[in-house]
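The structure under discussion appears below in the form of structure tokens.
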Amino acid sequence: MVVPMRKAGLWWRLGALSIDWVLGTIVAVVISLFLLTILEYAFEDGKLFKRLEKGPEKHRRFEATNTGRVAIAIVGSFGFFVFCLAFNLKTQATPGRMIFRLRIRSRDGLTPTTRQIVVSSLGAIPVGLAFPIFLAYGKGYAVTDLVALVVGAFFIGLARKRQTPFEMLARTVVIRQRRARKTTSRPKFEKKIAPNPYIFGPPIRGKQMFFGRENDLRFIRTHLDNAVLLLWGPRRTGKTSLFMQICSRQTAVPFDDIIPAYIDAQNLVMGIVNNDADFYRELAAAVAAGAGDVDIDLGALDFSQKSAAASLKRVIEQAIGKDGDRRLTFFVDEFTLLEKRIEEGTLTENVPVFLSGLVNGNANISIVLTGSREADPETMPRIWLLIQNLAPDLCQQVGVLLEEDCRRLITEPVKERLEVAPEVVDLIYRLTGGHPFFTQFICHQMVIHANRQKQAYIDIDDLEAFVPPTVEKMPDETLDIWSRTLSEDQRWILSVMGEMLEESDDTITESALWRQLRQPEYELVMTKRELHAGLDGLIRVDILSETRREEYAFNIDLLRHWIRKKHPVRSLYAARQEAAHEPKSQTTETKEDGAASE
Numbered sequence: 000m001v002v003p004m005r006k007a008g009l010w011w012r013l014g015a016l017s018i019d020w021v022l023g024t025i026v027a028v029v030i031s032l033f034l035l036t037i038l039e040y041a042f043e044d045g046k047l048f049k050r051l052e053k054g055p056e057k058h059r060r061f062e063a064t065n066t067g068r069v070a071i072a073i074v075g076s077f078g079f080f081v082f083c084l085a086f087n088l089k090t091q092a093t094p095g096r097m098i099f100r101l102r103i104r105s106r107d108g109l110t111p112t113t114r115q116i117v118v119s120s121l122g123a124i125p126v127g128l129a130f131p132i133f134l135a136y137g138k139g140y141a142v143t144d145l146v147a148l149v150v151g152a153f154f155i156g157l158a159r160k161r162q163t164p165f166e167m168l169a170r171t172v173v174i175r176q177r178r179a180r181k182t183t184s185r186p187k188f189e190k191k192i193a194p195n196p197y198i199f200g201p202p203i204r205g206k207q208m209f210f211g212r213e214n215d216l217r218f219i220r221t222h223l224d225n226a227v228l229l230l231w232g233p234r235r236t237g238k239t240s241l242f243m244q245i246c247s248r249q250t251a252v253p254f255d256d257i258i259p260a261y262i263d264a265q266n267l268v269m270g271i272v273n274n275d276a277d278f279y280r281e282l283a284a285a286v287a288a289g290a291g292d293v294d295i296d297l298g299a300l301d302f303s304q305k306s307a308a309a310s311l312k313r314v315i316e317q318a319i320g321k322d323g324d325r326r327l328t329f330f331v332d333e334f335t336l337l338e339k340r341i342e343e344g345t346l347t348e349n350v351p352v353f354l355s356g357l358v359n360g361n362a363n364i365s366i367v368l369t370g371s372r373e374a375d376p377e378t379m380p381r382i383w384l385l386i387q388n389l390a391p392d393l394c395q396q397v398g399v400l401l402e403e404d405c406r407r408l409i410t411e412p413v414k415e416r417l418e419v420a421p422e423v424v425d426l427i428y429r430l431t432g433g434h435p436f437f438t439q440f441i442c443h444q445m446v447i448h449a450n451r452q453k454q455a456y457i458d459i460d461d462l463e464a465f466v467p468p469t470v471e472k473m474p475d476e477t478l479d480i481w482s483r484t485l486s487e488d489q490r491w492i493l494s495v496m497g498e499m500l501e502e503s504d505d506t507i508t509e510s511a512l513w514r515q516l517r518q519p520e521y522e523l524v525m526t527k528r529e530l531h532a533g534l535d536g537l538i539r540v541d542i543l544s545e546t547r548r549e550e551y552a553f554n555i556d557l558l559r560h561w562i563r564k565k566h567p568v569r570s571l572y573a574a575r576q577e578a579a580h581e582p583k584s585q586t587t588e589t590k591e592d593g594a595a596s597e
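What follows is the structure in structure tokens.
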């Protein structure tokens, strides 16, 4: 069971301390006895050991002097220090804390540095020192009792705190180092960074702010000879930006030999398209824009209801050329919205039939589709005609950025004007999990903070200053992801996990999550199968990650902060109670309005 630090009460901490104390005693005493056995024959001068009685050599007995007792106890405690240091470097926790899953963390959430671990391991010395003296050979019980009680009270008195005194000392050392770095070799602020290079709303059109996606670009380039490709992924993962880069021919992977025709299905719901003819006219305009070197006069063509399809075919023939040596590729963004237009009657079922015949009847025409979720024949029966024969290797998910690409996105746009400390880059990546939208958003806030403070550097202290307000003003797209991308079960899962996991690297097992979800006050009707399916879905959209088998953590830690603040379990329960008491007709009307808004 994972116990968050704040919820790990006094008894949890005393249990961990007791285990460490016992282990310290055992290790230190064993080392002391080993040293006694080895050294008693080497020091017979009375300084460390004195001979108790004379007799045959095999019956000789030695007793450690007071100096010897202290010396061996110190060496024994040092041995325990080395043991704990090696253990901490490997696991970032003492043995007792590992048993109770109370891991060592720096206060700012970063992985502890070697210096911090070494300093925090100093706690092994007094723990290992007290009992070897107490168990020393013969005398000094009053003094050793006092030492043991003082050391014990020192640790137990601080058991309620988040960190041991030696971990606090480690943090103090790091803070002093940061302050020292602030006063030396820091770039001076010259002028504000304007405009702010980070974009978290509209798609990225310029090459300078587009990082990574080589795998997705190679996937499209490799399979472009196929009639239809499908890219899917959660909202705000950069699918539209990917299309923009290809259509402007700014990508590292070349697309100079194609005619890109970009179609934004979201714009088609804004009144631009009212019938099939309007839709075909929009396709023709996209083809003409992509084939910029070919003179296509759209005004001379008839896009009436009867002739629009034929006019579109004529535009395609002009763009491809008589020899057919150029490939026309339609990039249709959020194609699933076309199904809604068919359901509404704005478009007819002739549209998917026409598009399917278009790509299947011409080897030089292909369509690349994107959607917020995987295509499902049950929810889009008409548009499914386009992809019903699509092989699995022609579908690819557009997910979060690779770690290297995310780090480049954090640092390169401002590298000439703003110095970002390496630990800040680490923490931003941990907060966003490589999600491009959230990375752009938090970096946008970082630049605002640097401009406001008139400084040309960002360190951990700055990050701690602007991240909490950032959680308060998360953009509307975050709520859009919460309400439209996630199911109700998934929202409950995330809310419960947000309350239980209080640190960025906390994890929870599926069984522990199930027990928490089954609390009677939640009144949830969720089966274990539904819980498992919900967790799998959250992993697929990169919100959660499975650290071990059936052990889960937030992949986007910024969402954990936001959910804890804005969508705790009590708010979901209140919304459920309110919905249960709404009139049935009103609830149905609300659901229909919500579906239409998508």
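Each residue of the sequence shown is one higher than the one before, counting from 0 in numbering that gives the first Met the number 0. Where is the CB? At the ideal position from N, CA and C, for every residue including glycine.
query	result
Please find out if some non-hydrogen atom of the ligand FAD comes closer than 6 angstroms to the beta-carbon of P391.	Although the ligand FAD was asked about, the structure shown includes no ligands whatsoever.
Fully enclosed by the segment 291 to 370, which alpha helix (DSSP H) runs are 4 residues long or longer?	307 to 319, 336 to 343, 349 to 359
Using DSSP with H/G/I as helix, E/B as strand and the rest coil, what is L389?	coil
State the CB to CB distance for the pair P259 and G289, rounded to an integer number of angstroms; the pair is presumed to be in contact (CB under 8 angstroms).	5 angstroms
Which one of E520, E549, R559 has the shortest CA to CA distance from R569?	E520
Any contact between the segment 242 to 257 and the segment 379 to 395? By contact I mean 3 or more CB pairs, one from each, below 8 angstroms.	no
Alpha carbon to alpha carbon, what distance is there between M496 and L557?	13 angstroms
Got a sec? Which residues, its chain only, sit under 7 angstroms from Q489 by beta carbon, not counting five neighbours each side?	G533, G536, L537
Of the residues W513, E498, L512, which one's Cα is nearest the Cα of R563?	E498
Can you find the residues in the same chain that come closer than 7 angstroms, C-beta to C-beta, to S303, ignoring five residues on each side of it along the sequence?	A276
Candidates S486, L336, I441, V419: which alpha carbon is nearest V620's?	The structure shown does not extend to residue 620, since the chain is modelled only from 0 to 597, so the question has no answer here.
Hey, out of D404, T239, V466, D301, whose CA is closest to R204's CA?	T239
Which of the three DSSP states, helix, strand or coil, is assigned to P468?	helix
Going along the chain, which residues of its own chain have a beta-carbon closer than 8 angstroms to the beta-carbon of T410, five neighbours each way excluded?	V419, V424
Determine the contact status of H443 and F199, defining contact as a CB-CB distance below 7 angstroms.	yes
Select from P351, V540, Q518, T506 the residue whose C-alpha is nearest the C-alpha of R547.	T506
Buried or exposed for L230, please, with buried defined as at least 16 other CB atoms from any protein chain shown within 10 angstroms of its CB.	buried
Provide the residue span of the beta strand (DSSP E) that contains T546, from first to last.	543 to 547
Span of the beta strand (DSSP E) holding V227?	227 to 231
I'd like to know if the segment 304 to 311 and the segment 278 to 286 are in contact, where contact means that at least 3 CB-CB pairs between them fall below 8 angstroms.	yes
Does N554 pass the burial test, meaning 16 or more other C-beta atoms within 10 Å, or should it be called exposed?	buried
So the beta strand (DSSP E) D263 belongs to, where does it begin and stop?	257 to 263
Suppose you measure from the CA of T586 to the CA of E487; what does that come to, to the nearest Å?	Here T586 scores only 43 on pLDDT, less than 50, and its place in the model should not be relied on; the value that follows carries that caveat. Cα to Cα, T586 sits roughly 15 angstroms from E487.
Below 7 angstroms between beta carbons: does that hold for M473 and I457?	no
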